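In our numbering, the protein residues as written are 964 to 1463. Virtual Cβ for every residue (Gly too), placed ideally from N, Cα, C. Please read these numbers as outputs of a predicted model, since none were measured by experiment. A quick write-up on the structure given underneath.
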Amino acid sequence: MDFRMKINPRRHAVEYAYTALAAVTLLTASCAPRRPAAPRDGKSPARDTFVQALLGDASYLNPVLASDSASGAVNALVFNGLIKYDRDLNIVGDLAESWRVSDDGKTIVFRLKKNVLWHDGAPFTSGDVKFTHEKLTDPRTKTPYASDYLLVESLQTPDAHTVVVRYKKPFAPALESWGMGIIPKHIFDGRDINTHPANRSPVGTGAFKFLSWKSDERIVLEAFDQCFEGSPGIGRVIFNIVPDQSVQFLELRNDSVDYMSLTPDQYNAYDVFFRRHDKFRYPAFQYTYMGFNLERPPFDDIRVRRAMAHAIDKSQIIDGVLLGMGRAATGPFPPQSWSYNPDVKDFEYNPGKAKDLLREAGWTDSDGDGVLDRGVSKNGRNRRQNLEFTILTNQGNKIRSMTAEIIQAQLAAAGIKADIRIVEWSAFIHQFINKKNFDAVILGWSLSRDPDQYSIWHSAETGEGKYNFVSYKNPRTDRLLERGRSVFDKNERRRIYRKI
């Protein structure tokens, strides 16, 4: 079993490790040694142990709650969905042995695999699937995935190994949505899923079972000998939390880590070192962006947002930071997606146009200090307000910090003052992103292969802990997102998504 090939088909994830502003990362780099890594104490290498470096700690070891890529990396080895993608991106059975979709697309009948055990020895049954659905649709559950499962009209379990899902209306990504990890009813039933201790000591059905978690240091999994998938071929997987890509690379070179995501400069250097390590570049369903909190001025003014788009030269980021390993994004779909629209034009780099838009929005440099300002009235008093804000990004990601610095300099040339704040990953997610406590953020999305991005862009998904944390609201986009997920014809869906 190649455990690293497991892909959850229905997970968007907040991504901490990928590259530059508004650029689709076409050449995601990773590296693994051709021999086992030595332990930190320098003794003989543990040949059945695989060590992966993560920039940030996991948030929840529960697929219903987790929305970040660190949690997703661990959960993918501990939990299973009913279906999954194989290495050729075909949907195949995971916990489901087979399934049948009705002619109208509104009913799916899953036949579950038998003799599947939870890590504590309890049998997996259709009741666990029903329970997972109930938790996903419970308004008290802090999950960003509810919108997919609220479309279910009924979920029945006629026997222990059959699940019948009926939808209120056609839902194109219905089958793919059941890649969601199933959680055990006998563990969570009758308890608050948001605060349950099992969120830190999970019980799954996957090839690896939980062993330990020391916050901000490491998460350790070990092989589950009774896994229905068979032996993973590796006895233990360790996720080391190393919040700096440079330090990760030092550990890789010292054989303390087996696998990490590389920066472009790391990928292109150290020829001798890479003679004994495998490194890879592959098309990634990801993009990195600078997102504005649209509930905060001045980002509630589209002229300011457009001005910033014209003030930022993406080519400097792609060439100087990514070393050419990327391209400018023109929308939310990567070029390898069948929904990508090649006819959409990017905002041209045009500082003059940026200044014109800002002037139109009322921003001028009244005191000659190089920072634009405008008059505002508060509590009956008039004062001048500078055009300034803070760019927030996560600790340890050299690509993002370099990108923020380039953006800072380019915006300064247009009269916009941008400060940079770098925050540890867990605090970044829980204290800032989930609570929408930011001005602007440099972050990334790891996307599902299906183009449905309802949970990211629909106005109904702007609540705390949801994926639309930038608070984007557009009635036309809402209608297109709703229509795109309600038709099955691929050509029609392509026409819809190309309008977004």
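With a cut-off of 8 Å on Cβ pairs, the stretch 1376 to 1389 is in contact with the stretch 1266 to 1278, counting three or more such pairs. The C-alpha of W1408 is placed about 21 Å away from the C-alpha of F1262.
Taken through DSSP and simplified to helix, strand or coil, I1146 comes out as coil. Beta-bridge analysis with DSSP links I1405 to M1253. Here D1091 really is in contact with P1147; their C-beta atoms are around 6 Å apart, less than 8 Å. Ranked by Cα distance from R1322, the options V1115, R1337 and D1330 are led by R1337. For H1273, the closest alpha carbon among the candidates F1255, D1309 and K1398 is that of D1309. Apart from sequence neighbours up to five positions away, the residues of its chain that approach V1127 with a beta-carbon distance below 6 Å are V1072 and Q1119, ordered along the chain. Only buried fits L1320, as 16 or more other CB atoms lie within 10 angstroms of its CB.
Under DSSP, I1204 shares a beta bridge with L1017. With distances taken between CA atoms, T1012 lies nearest to G1196 out of G1196, Q1348, V1064 and K1105.
Of all C-beta pairs linking the stretch 1085 to 1102 to the stretch 1169 to 1176, fewer than three are shorter than 8 Å, placing the two stretches out of contact. Taking G1447 as the centre and dropping the five residues before and after it, the same chain places the C-beta of R1456, I1459 and Y1460 closer than 6 Å to its C-beta, in chain order. Ranked by Cα distance from I1385, the options L1410, T1353, A1324 and P1414 are led by T1353. Of the candidates C1190, E1180 and R1163, C1190 places its Cα closest to the Cα of K1077. Pairing T1106 with L1028 gives a Cβ-Cβ distance under 9 Å.
If you draw a straight line from the Cα of I1204 to the Cα of I1362, it comes to about 18 Å.
Counting C-beta pairs closer than 8 Å gives three or more between the stretch 1399 to 1413 and the stretch 1247 to 1255, which meets the contact rule.
I1281 is positioned such that its CB atom lies closer than 9 Å to that of G1289. Rounded to the nearest whole angstrom, the CA to CA distance from A1135 to S1022 is 30 Å.
Counting only the Cα atoms, I1275 lies some 23 Å from F1248. Residue pairing by DSSP places E1351 opposite K1380 in a beta bridge.
For the pair I1150 and E1185, the Cα-to-Cα distance works out to about 20 Å.
Here the stretch 1159 to 1167 lies against the stretch 1039 to 1059, with 3 or more beta-carbon pairs under 8 Å apart. Around the beta carbon of Q1299, a 10 Å sphere encloses fewer than 16 other beta carbons of the protein chains shown; the residue is thus reported as exposed.
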